[in-house]
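To start, the structure itself, in structure tokens.
Chains as they are written, first to last, in the working numbering: chain A, 34 to 144; chain B, 237 to 373.
Next comes the structure, spelled out in structure tokens:
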């Protein structure tokens with residue numbers, strides 16, 4: 034029913050926005066300096082790696098905190114796609130689709 | 237809470253134990269024992285899946301991370317270089333360490349600044365807070 038409503042008029046701006054950038058990303062406190070304090074940002078990409086590249090265009094430096102210079106996910110962070118640890122899903126190659134939810138947490142460890 | 241940390245440390249010995257105390261307004265709220273994914277006598281890593289669950293709970297309850305605790309099984313209760321490095325991920329949290337290397341309980345607490353400066357804190361203060369929480373039970 035909802036799509037029918039949009040057929041005659043202009044699409045809602047929020048709907049367009051949703052289509053273009055449909056992946057929600059939760060940002061932990063220590064990385065919010067890259068997101069102007071935002072707890073949650075949106076991005077797009079068909080894999081976690083491409084999502085992070087997309088995010089980095091608007092939140093410069095964020096990718097560098099999550100990905101090593103060798104191109105692997107940093108061990109100082111945990112990244113989850115729909116609550117699954119991406120280490121078990123394919124790391125940066127983890128496929129993403131519209132509506133997926135990505136959560137980033139700082140790992141807690143010591144010796 | 238200190239008793240619970242010690243019991244956890246003794247139970248997991250010879251591996252290191254780890255966990256947190258959540259806080260609200262700087263006061264302790266609850267202690268959560270975490271699974272050491274490393275299951276190692278020389279290191280710990282919070283189990284990532286469990287951490288997500290606990291962090292989400294904290295978010296829902298408006299709690300923050302007050303204390304990160306873990307045990308040292310062969311050395312004194314003093315932050316290792318690895319601890320100092322990782323503490324950058326938990327700004328503002330107190331690092332409580334327990335040593336299980338011998339029979340005597342050794343519990344010490346620290347703040348670790350961004351530049352790596354370690355400042356020991358009086359654990360008595362922590363115990364006073366714990367008493368307050370216990371009294372609400």
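Where is the CB? At the ideal position from N, CA and C, for every residue including glycine.
Look at the alpha carbon of residue i and the alpha carbon of residue j, and state the distance between them as a whole number of angstroms.
| i | j | result |
| --- | --- | --- |
| residue 131 of chain A | residue 240 of chain B | 44 angstroms |
| residue 286 of chain B | residue 305 of chain B | 16 angstroms |
| residue 349 of chain B | residue 324 of chain B | 8 angstroms |
| residue 335 of chain B | residue 311 of chain B | 7 angstroms |
| residue 87 of chain A | residue 119 of chain A | 18 angstroms |
| residue 59 of chain A | residue 314 of chain B | 33 angstroms |
| residue 112 of chain A | residue 340 of chain B | 39 angstroms |
| residue 77 of chain A | residue 357 of chain B | 45 angstroms |
| residue 56 of chain A | residue 72 of chain A | 14 angstroms |
| residue 237 of chain B | residue 298 of chain B | 20 angstroms |
| residue 272 of chain B | residue 117 of chain A | 18 angstroms |
| residue 267 of chain B | residue 95 of chain A | 32 angstroms |
| residue 249 of chain B | residue 337 of chain B | 9 angstroms |
Of the residues the options, which one's Cα is nearest the Cα of residue i?
| i | options | result |
| --- | --- | --- |
| residue 308 of chain B | B:276, B:237, B:264 | B:276 |
| residue 345 of chain B | B:247, B:337, B:268, B:256 | B:256 |
| residue 352 of chain B | B:294, B:338, B:326 | B:326 |
| residue 316 of chain B | B:337, B:354, B:259, B:302 | B:354 |
| residue 269 of chain B | B:254, B:338, B:296 | B:254 |
| residue 67 of chain A | A:110, A:92, A:107, A:61 | A:92 |
| residue 261 of chain B | B:300, B:347, B:320 | B:300 |
Let me check one thing: in DSSP terms, what residues is residue i bridge-paired to?
| i | result |
| --- | --- |
| residue 348 of chain B | B:354 |
| residue 306 of chain B | B:254, B:333 |
| residue 300 of chain B | B:259 |
Exercise. Between the region 58 to 69 of chain A and chain B, which residues of the former have CB atoms less than 7 angstroms from a CB of the latter, in chain order?
Worked result: 63
For this session: May I ask you to verify whether the region 284 to 304 of chain B touches the region 125 to 140 of chain A, counting CB pairs closer than 8 angstroms and requiring at least 3?
Result: yes
For this session: Please list the residues of the region 117 to 143 of chain A that have a C-beta atom closer than 7 angstroms to any C-beta atom in chain B, keeping them in chain order.
Result: 118, 136, 138, 139, 140, 141, 142, 143
Problem set entry | Contact the region 116 to 129 of chain A vs the region 67 to 82 of chain A: 3+ CB pairs below 8 angstroms | yes
Problem set entry | Within 7 angstroms of chain A by C-beta, residues of the region 260 to 288 of chain B in sequence order | 278, 279, 280, 281, 282, 284, 285, 287, 288
Problem set entry | Residues within the region 294 to 327 of chain B neighbouring chain A, beta-carbon criterion of under 7 angstroms | 304, 306, 316, 318, 319, 322, 325, 326, 327
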